[in-house]
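J.:
2 protein chains.
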Amino acid sequence: MNATELLARRERLLGAGAPLFYREPMNIVRGDGVWLFDADGKRYVDMYNNVPCVGHSHPRVVEAMHKQAGTLNVHSRYLHEGLLDYAERLTDLLADSLRSVVFTCTGTEANEVAMAMARIATGGRGIICTDAAYHGNSAEVSKLTRARRGKDAEIRAIPYPQCYRPLQDGVSPSELTELYLEEVRAAIDGFEASGIGLAGMLVCPILANEGLPDIPDGFMPRAAEMVRDAGGLFIADEVQAGFCRTGRWWGYEVMDFVPDIVTMGKPMGNGLPLAAAAARTELVDTFRKRTHYFNTFASSPLQAAVGMAVLDVIEDENLRQNAAKVGEYLRDKLAKLQDRCAPMADIRGHGLFIGLEWVSDRSAKTPDRENAVDFANRMKDKGFLINNAGALGNVLKIRPPLVFQQEHADLFLTAFEETLGEIDGAA
Amino acid sequence: MNATELLARRERLLGAGAPLFYREPMNIVRGDGVWLFDADGKRYVDMYNNVPCVGHSHPRVVEAMHKQAGTLNVHSRYLHEGLLDYAERLTDLLADSLRSVVFTCTGTEANEVAMAMARIATGGRGIICTDAAYHGNSAEVSKLTRARRGKDAEIRAIPYPQCYRPLQDGVSPSELTELYLEEVRAAIDGFEASGIGLAGMLVCPILANEGLPDIPDGFMPRAAEMVRDAGGLFIADEVQAGFCRTGRWWGYEVMDFVPDIVTMGKPMGNGLPLAAAAARTELVDTFRKRTHYFNTFASSPLQAAVGMAVLDVIEDENLRQNAAKVGEYLRDKLAKLQDRCAPMADIRGHGLFIGLEWVSDRSAKTPDRENAVDFANRMKDKGFLINNAGALGNVLKIRPPLVFQQEHADLFLTAFEETLGEIDGAA
Numbered sequence: 006m007n008a009t010e011l012l013a014r015r016e017r018l019l020g021a022g023a024p025l026f027y028r029e030p031m032n033i034v035r036g037d038g039v040w041l042f043d044a045d046g047k048r049y050v051d052m053y054n055n056v057p058c059v060g061h062s063h064p065r066v067v068e069a070m071h072k073q074a075g076t077l078n079v080h081s082r083y084l085h086e087g088l089l090d091y092a093e094r095l096t097d098l099l100a101d102s103l104r105s106v107v108f109t110c111t112g113t114e115a116n117e118v119a120m121a122m123a124r125i126a127t128g129g130r131g132i133i134c135t136d137a138a139y140h141g142n143s144a145e146v147s148k149l150t151r152a153r154r155g156k157d158a159e160i161r162a163i164p165y166p167q168c169y170r171p172l173q174d175g176v177s178p179s180e181l182t183e184l185y186l187e188e189v190r191a192a193i194d195g196f197e198a199s200g201i202g203l204a205g206m207l208v209c210p211i212l213a214n215e216g217l218p219d220i221p222d223g224f225m226p227r228a229a230e231m232v233r234d235a236g237g238l239f240i241a242d243e244v245q246a247g248f249c250r251t252g253r254w255w256g257y258e259v260m261d262f263v264p265d266i267v268t269m270g271k272p273m274g275n276g277l278p279l280a281a282a283a284a285r286t287e288l289v290d291t292f293r294k295r296t297h298y299f300n301t302f303a304s305s306p307l308q309a310a311v312g313m314a315v316l317d318v319i320e321d322e323n324l325r326q327n328a329a330k331v332g333e334y335l336r337d338k339l340a341k342l343q344d345r346c347a348p349m350a351d352i353r354g355h356g357l358f359i360g361l362e363w364v365s366d367r368s369a370k371t372p373d374r375e376n377a378v379d380f381a382n383r384m385k386d387k388g389f390l391i392n393n394a395g396a397l398g399n400v401l402k403i404r405p406p407l408v409f410q411q412e413h414a415d416l417f418l419t420a421f422e423e424t425l426g427e428i429d430g431a432a
Numbered sequence: 006m007n008a009t010e011l012l013a014r015r016e017r018l019l020g021a022g023a024p025l026f027y028r029e030p031m032n033i034v035r036g037d038g039v040w041l042f043d044a045d046g047k048r049y050v051d052m053y054n055n056v057p058c059v060g061h062s063h064p065r066v067v068e069a070m071h072k073q074a075g076t077l078n079v080h081s082r083y084l085h086e087g088l089l090d091y092a093e094r095l096t097d098l099l100a101d102s103l104r105s106v107v108f109t110c111t112g113t114e115a116n117e118v119a120m121a122m123a124r125i126a127t128g129g130r131g132i133i134c135t136d137a138a139y140h141g142n143s144a145e146v147s148k149l150t151r152a153r154r155g156k157d158a159e160i161r162a163i164p165y166p167q168c169y170r171p172l173q174d175g176v177s178p179s180e181l182t183e184l185y186l187e188e189v190r191a192a193i194d195g196f197e198a199s200g201i202g203l204a205g206m207l208v209c210p211i212l213a214n215e216g217l218p219d220i221p222d223g224f225m226p227r228a229a230e231m232v233r234d235a236g237g238l239f240i241a242d243e244v245q246a247g248f249c250r251t252g253r254w255w256g257y258e259v260m261d262f263v264p265d266i267v268t269m270g271k272p273m274g275n276g277l278p279l280a281a282a283a284a285r286t287e288l289v290d291t292f293r294k295r296t297h298y299f300n301t302f303a304s305s306p307l308q309a310a311v312g313m314a315v316l317d318v319i320e321d322e323n324l325r326q327n328a329a330k331v332g333e334y335l336r337d338k339l340a341k342l343q344d345r346c347a348p349m350a351d352i353r354g355h356g357l358f359i360g361l362e363w364v365s366d367r368s369a370k371t372p373d374r375e376n377a378v379d380f381a382n383r384m385k386d387k388g389f390l391i392n393n394a395g396a397l398g399n400v401l402k403i404r405p406p407l408v409f410q411q412e413h414a415d416l417f418l419t420a421f422e423e424t425l426g427e428i429d430g431a432a
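Quick note, the sequences are listed as chains A and B, same order.
When we follow the working numbering, the leftmost residue of the first sequence carries the number 6, and every step to the right adds one.
When we follow the working numbering, the leftmost residue of the second sequence carries the number 6, and every step to the right adds one.
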């Protein structure tokens, strides 16, 4: 069945508008490490997918899944030592205060838990987020999606902190931090004034969906402090930033602070639905007692075995170090191409998570979504999977599996230079 | 590590109050077909778990998972024929009108989708449920959990329809149906009067969590008609009733009507997180267009391969027929014991889903939760896993994997009779 036929069948079975990547959608049939293969046998370097963090079809993860599925997979109303071993291993990777965990199946569910936990603990209902956020697809969590002022009294979005298009031009870096903190202060005050009360602030510590901006120095630690001083809890959504993506275990380490609640998901099970909210034990206790939370497929022996295998591979294959090293290599090489690539106005990110700000005019910083999309499609045709993202849709997102090596970066850079030669606007 | 140590460790790592079954929690380490094995090597007939519907660790499901995980497991923004094959096979099992499907990871997420779908399609916000319902753990879906009048203006709960403790005594069966339908009518009128508008009605077609009552004749089809006539959509939550549990493929078939939206989950992947909302294509189209719904781990090749293997096993091993036949056998045998078992006041259910109403006084119908719990714990000690459930917590729930055979029923019945000899109140 060719792509046109598959597409028609898909629209009938899944409904028209189920999202697809690229102008000509890909028919991927196999994955191995950083490589994906389509039905025609063409191979692609996967530079987009963070879920298969230890690589597509990693044999150790596949075998752990196989063994556990053939032994036991049942819900969590029985004791299971493997689950506790995993919970212990996982929380040992977190800051000392984050000792207990609620497992879920999806990042959405983890953020549902985190929001409920903060609201129960504080008695407040108000959640602060950014104005270009995405934290999940449920009715409650999707209130945080690109939240508009006044749409929901319990949600207040601040302009996401960034250095590239700052809230105000011509201010010093430290003044810029203060300006964004004033937005947090205003949101807190707004919740107090309206009687809604502050529950907390929920953000990705590296602002991945916002477009991975350089964040004004000290913003995250000081925002967390401000939220805590006002009686709220700071929730770090590590669904994208966690599990060594940044070269550190957690995005909050990059930002040099410790959140009250951490949510995690995507890479956690290398593709098995597995997510969690971790927090101080007393927060989890109170949440459990108030909600009697139960999630049929979560906290299962299967989740535990697969999650443990992912941690084993990350550590045994030194993937954290690899993400830091290869990420830096790729970012440096891209920086060297910047003079010859007029649209690539800003290069940023952490570890193996890089954002390229694509503009039509560097001095005006005019976002150029259309040509970012075009560039991603050209790179895809050359066998390299990246895509556009960010608040304005004009940031090229590079986020390969953590097993991505220098040799793959070099292949990419060659294709990148070739593509520069093809496009308008390149010097 | 013994159970006491495991329990202490669990409270620390997962928080105190994470739910557990039985007075002495079980430490289950292995599952095979209808059997579960604890760490001491003691085996139990699993008569509770519906998730492993084709049996614990079924080799065909395990191999399908193994093969697909070793080939490709990636999100749904690429085309994948296996996913479409599964969607087609699944929708072919549903009523003709239910042609399109939104896959999710959990039943909660499926009900989130269904509620959003109904609200988008109708423009109304009001959802009718029963007063002893449970449909999931998110903020939005948990508004339906044992909903209290007036707590949320968008949710109206009707007294769940039942014959055992009817809304009014001394009325004829057909009058009883009318009385419950009047409750639906009042809820619809309430939503209209308040300006909230009707989105739909969301119920389990066999009222599993309510306690699996005998439902007044014709209630479900007529309630569905009434909701539709008022411009709403009828959502059947088949998370428990679906996949041949009742001896039919779907609970709505038992009740002889066709819903507008069907949600499904638990048994769908035999333990892999897999759930869905199916509906008419135009409802799914509209939902997709309005929400751009995306769920990272859902609609994956892994979900499709495992879901397909479950359907294969159900059909090849005639599990639907088995559920009907063995369920009837067990229900008949229990009925024969009823005279000798004063607490067992009502025996009901469909296929391999049986509810035993436990009372301290048959004429007063006094619910006896405490002794239902005691009975379940005694049966567990004898090697048979059942549990208490229902609106009043006094219904013994029997819901084994669909591979449960007559020989297992006979073992259970022997232990059941033995236990009757031990308890107070048995004749």
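Virtual Cβ for every residue (Gly too), placed ideally from N, Cα, C.
It should be emphasised that the depicted structure is a prediction, and the values quoted were computed from it without experimental measurement.
1) Mind listing which residues of the stretch 32-47 of chain B have their C-beta closer than 7 Å to chain A's C-betas, in chain order?
2) Kindly list the residues whose CB is nearer than 6 Å to the CB of A377 (chain B), restricted to its own chain and excluding five residues on each side of it in sequence; keep chain order.
3) Do L339 (chain B) and R418 (chain B) come within 9 Å of each other at the CB atom, strictly closer than that value?
4) Taking buried to mean at least 16 other C-beta atoms within 10 Å of its own C-beta, is A246 (chain B) buried or exposed?
5) Closest by CA to C209 (chain A), which one among A:A229, A:S179, A:L335, A:F299?
6) At 7 Å on the CB atoms, spell out the chain B contacts of P30 (chain A), in chain order.
7) Please decide whether N393 (chain A) counts as near chain B, where near means a Cβ-Cβ distance under 9 Å.
8) If you run the structure through DSSP and keep just helix, strand and coil, what is E320 (chain A)?
9) Should the stretch 146-158 of chain B be regarded as contacting the stretch 285-293 of chain B, the criterion being three or more beta carbon pairs within less than 8 Å?
10) Short of 9 Å Cβ to Cβ, which residues in the stretch 8-25 of chain A face chain B?
11) Who are A144 (chain B)'s beta bridge partners in DSSP?
12) Could you say if the stretch 122-142 of chain B and the stretch 185-201 of chain B meet the contact criterion of at least three C-beta pairs nearer than 8 Å?
13) Once DSSP output is grouped into helix, strand and coil, what is the label at P221 (chain B)?
14) Need the endpoints of the beta strand (DSSP E) that I266 (chain A) sits in, please.
15) For I201 (chain A), collect the residues of the same chain with a Cβ closer than 8 Å to its Cβ; drop the 5 residues on either side in sequence, then sort them by chain order.
16) Quick one: which chain A residues come within Cβ less than 9 Å of E271 (chain B)?
17) Check the Cβ-Cβ distances between A100 (chain A) and every residue of chain B, and say whether any is below 9 Å.
18) Give the secondary structure of Y139 (chain A) by DSSP, where H, G and I count as helix, E and B as strand, and everything else as coil.
19) Who are the Cβ neighbours of L181 (chain A) in its own chain at under 6 Å, not counting the five residues just before and after it?
20) With a cut-off of 9 Å, does the C-beta of A144 (chain A) fall near any C-beta of chain B?
21) If the cut is a Cβ gap below 7 Å, which residues of chain B does T76 (chain A) touch?
22) Mark R153 (chain B) as exposed unless 16 or more other C-beta atoms lie within 10 angstroms of its C-beta, in which case mark it buried.
23) Quick check on the burial criterion: 16 or more other C-beta atoms within 10 angstroms. Buried or exposed for K271 (chain B)?
24) Which class does I391 (chain B) belong to by DSSP, given the choice of helix, strand or coil?
25) For R353 (chain B), list the residues DSSP reports as bridge partners.
26) Counting only the same chain and skipping the five closest in sequence on each side, list residues whose C-beta sits under 6 Å from that of E423 (chain B).
27) Pull up the distance between the alpha-carbon of M1 (chain B) and that of F292 (chain B), whole angstroms please.
28) With 16 other CB atoms within 10 Å as the buried threshold, where does K72 (chain A) fall?
29) Which term fits G175 (chain B), buried or exposed, when burial requires 16 or more other beta carbons within 10 angstroms of its beta carbon?
30) Between B:P64, B:G75, B:V59, B:Y53, which has its C-alpha nearest H63 (chain A)'s C-alpha?
31) For T381 (chain A), which residues of its own chain have a beta-carbon under 7 Å away from its beta-carbon, when the five flanking residues on both sides are left out?
32) Do we get a CB-CB distance below 9 Å when we pair N323 (chain B) with the residues of chain A?
33) Pull the bridge partners of L41 (chain A) from the DSSP assignment, please.
34) Any beta carbon of chain B sitting closer than 9 Å to that of R336 (chain A)?
35) Kindly list, in the order they appear in chain B, the residues whose Cβ is closer than 8 Å to that of K387 (chain A).
36) So, at 8 Å on beta carbons, what are the nonlocal neighbours of Q343 (chain B) in its own chain, with the 5 sequence-adjacent residues on each side left out?
T.: Quick answer:
1) N32, I33, V34, R35, G36
2) What you label residue 377 (chain B) is simply residue 372 of the second sequence in a count that begins at 1. Hits under 6 Å: W363, N393, N399, L401.
3) As a first step, residue 418 (chain B) is located in the second sequence; it is residue number 413 there, counting from the start. As a first step, residue 339 (chain B) is located in the second sequence; it is residue number 334 there, counting from the start. Note on residue identity: the sequence assigns Leu, not Arg, to residue 418 (chain B). Contact flag set, yes.
4) Residue numbering aside, residue 246 (chain B) sits at position 241 when the second sequence is read from its first letter. With 16 or more other Cβ atoms within 10 Å, it is buried.
5) The residue labelled residue 209 (chain A) in the question sits at position 204 within the first sequence. Measuring from the Cα of C209 (chain A), the nearest candidate turns out to be A:A229.
6) Within the first sequence, numbered from 1, the residue matching residue 30 (chain A) stands at position 25. Under the 7 Å cutoff, chain B gives Y83, L84.
7) Along the first sequence, one-based indexing puts residue 393 (chain A) at 388. With 9 Å as the cut-off, N393 (chain A) does not count as an interface residue toward chain B.
8) Position 315 of the first sequence, counting from 1, holds the residue named residue 320 (chain A). E320 (chain A) falls in the helix class under three-state DSSP.
9) no
10) A8, L11, L12, R14, R15, E16, R17, L18, L19, G20, A21, G22, A23, P24, L25
11) Against the second sequence, residue 144 (chain B) aligns to sequence position 139. Answer is none; A144 (chain B) lacks a bridge partner.
12) yes
13) Taking the second sequence and counting its residues from 1, the one referred to as residue 221 (chain B) is at position 216. DSSP places P221 (chain B) in coil when its eight states are reduced to three.
14) Here residue 266 (chain A) refers to the residue found at position 261 of the first sequence. That run of the beta strand (DSSP E) goes 266-269.
15) For the purposes of this step, residue 201 (chain A) is identified with residue 196 of the first sequence, where counting begins at 1. Once the five neighbours on either side are set aside, the close Cβ partners of I201 (chain A) are G129, R130, G131, A158, E159.
16) Taking the first residue of the second sequence as 1, we reach residue 271 (chain B) at position 266. Checking the sequence, you will find Lys at residue 271 (chain B) rather than Glu. Residues of chain A passing the Cβ test: T301, F302.
17) Taking the first sequence and counting its residues from 1, the one referred to as residue 100 (chain A) is at position 95. Taking Cβ atoms only, chain B never reaches closer than 9 Å to A100 (chain A), which makes this a no.
18) Against the first sequence, residue 139 (chain A) aligns to sequence position 134. Coil.
19) Mapped onto the first sequence, residue 181 (chain A) falls at position 176. Contacts found: P171, P221.
20) For this step, residue 144 (chain A) is matched to residue 139 along the first sequence. So yes, A144 (chain A) belongs to the interface.
21) The sequence position of residue 76 (chain A) within the first sequence is 71, counting from 1. Going along chain B in sequence order, the residues near T76 (chain A) (Cβ under 7 Å) are R35, S62.
22) Walking along the second sequence from the start, residue 153 (chain B) turns up at place 148. By the neighbour-count rule (16 or more Cβ atoms within 10 Å), R153 (chain B) is not buried but exposed.
23) Within the second sequence, numbered from 1, the residue matching residue 271 (chain B) stands at position 266. Label assigned to K271 (chain B): buried.
24) Along the second sequence, read from residue 1 onward, the residue named residue 391 (chain B) stands at position 386. Looking at I391 (chain B) - three-state DSSP - the assignment turns out to be coil, as it is neither helix nor strand.
25) Here residue 353 (chain B) refers to the residue found at position 348 of the second sequence. Partner(s): B:G360.
26) For the purposes of this step, residue 423 (chain B) is taken as residue 418 along the second sequence, with counting starting at 1. Same-chain partners within the cutoff: there are none.
27) A query on residue 1 (chain B) cannot be resolved here, the shown segment of chain B reaching from 6 to 432 and no further.
28) Locating residue 72 (chain A) in the first sequence gives position 67, where the first residue counts as 1. Looking at its Cβ environment, which holds fewer than 16 other Cβ atoms inside 10 Å, K72 (chain A) is exposed.
29) In the second sequence, the residue the question calls residue 175 (chain B) occupies position 170. Flag for G175 (chain B) reads exposed.
30) Numbered from its first residue, the first sequence carries residue 63 (chain A) at position 58. Checking every option, the nearest Cα to that of H63 (chain A) belongs to B:G75.
31) Taking the first residue of the first sequence as 1, we reach residue 381 (chain A) at position 376. The question names Thr, yet the displayed sequence has Ala at residue 381 (chain A). If we look at A381 (chain A) and ignore the five residues flanking it on each side, its Cβ neighbours are I391, N392, N393, L401.
32) Translated into the one-based positions of the second sequence, residue 323 (chain B) becomes position 318. Chain A contact via Cβ: absent.
33) Working through the first sequence from its first residue, we reach residue 41 (chain A) at position 36. In the DSSP output, where bridge partners are listed per residue, L41 (chain A) has A:G36, A:Y49.
34) Start at 1 with the first residue of the first sequence, and residue 336 (chain A) comes out as number 331. Chain B, which has no Cβ nearer than 9 Å to the Cβ of R336 (chain A), makes this no.
35) If you number the first sequence from 1, residue 387 (chain A) lands on position 382. In chain order: nothing, as chain B lies at least about 17 Å away.
36) Start at 1 with the first residue of the second sequence, and residue 343 (chain B) comes out as number 338. If we look at Q343 (chain B) and ignore the five residues flanking it on each side, its Cβ neighbours are M349, I352.
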